[in-house]
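*Asks:*
Residue numbers (the numbering used here): 8 to 88.
Here you go:
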């Protein structure tokens, strides 16, 4: 639970996702999670291999399997993120 008795978002920095319709090897990594002024949780995501690409998306859209799917975890020794 958070300070205001709201459930914490189901994602955290370091979580990895693949956007449906993107190349399957293009992985997006959550770099920041925050709540906007209107109370909607959002994430900033960075492309795992394509440096400089970022996305900002609501957590609800990220959790919708029509848009994103969780990616395989990083293997040990791969400390790029």
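Heads up, the beta-carbon is just placed ideally off N, CA and C, and yes, glycines get one too.
Nothing here was measured: the structure is a model prediction, and the numbers come from that model.
To the nearest whole angstrom, what separates the beta carbons of residue 78 and residue 50, a pair I think is in contact under 8 Å?
*Replies:* At roughly 14 Å, the Cβ-Cβ gap does not stay under 8 Å, so residue 78 and residue 50 are not in contact.
*Asks:* Report the option in 69, 47, 20 whose CA atom is closest to the CA atom of residue 132.
*Replies:* There is simply no residue 132 to check, as the chain begins at 8 and stops at 88 in what is shown.
*Asks:* How is residue 66 classed by DSSP in three states: helix, strand or coil?
*Replies:* Residue 66: helix per DSSP, three-state reduction.
*Asks:* Between which two residues does the beta strand (DSSP E) harbouring residue 60 extend?
*Replies:* Note, residue 60: premise wrong, no beta strand (DSSP E); not H, not E.
*Asks:* Between residue 1 and residue 70, is the Cβ-Cβ spacing less than 7 Å?
*Replies:* It is not possible to answer for residue 1, since the shown part of the chain is limited to 8 through 88.
*Asks:* Is the beta carbon of residue 76 sitting closer than 7 Å to the one on residue 40?
*Replies:* no
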